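All you need for the numbering used here is the position in the sequence shown, starting with 1, plus 253.
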Amino acid sequence: VSVGDTPIVIRRKLHIAEPMSIDEALYEMELIGHDFFLFVNKETMRPSVVYRRHGWSYGVFEIDTPENVDKQK
254 VSVGDTPIVI
264 RRKLHIAEPM
274 SIDEALYEME
284 LIGHDFFLFV
294 NKETMRPSVV
304 YRRHGWSYGV
314 FEIDTPENVD
324 KQK
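So, in structure tokens, the structure goes:
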């Protein structure tokens, strides 16, 4: 995908995110050798990302919308 009139090109890739646990997502991330992995958290059914932090620890992002967060209050 080109960005405006600049020479910058962004590669677009479709990833089918499967429902799985955080542990399963970490395993898949290590299996493919990437520093992050996109998945659907099967406990929350939210799109999520596990990632490698500095050192040997991991992190996880869960994605939601303000509307859904407001409904949960």
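Note that CB positions come from ideal geometry on N, CA and C, so glycine has one too.
This one's a predicted model, so the numbers in the text were calculated from it and none came from an experiment.
query, result
"Residue ranges of each beta strand (DSSP E) within the stretch 265-321, 3 or longer", "289-294, 300-305 and 311-315"
"Within 8 Å, strictly: CB atoms of residue 268 and residue 284", "no"
"Straight-line gap, residue 279 to residue 256 (C-alpha atoms, nearest Å)", "32 Å"
"Inter-residue Cα distance where the pair is residue 275 and residue 261", "34 Å"
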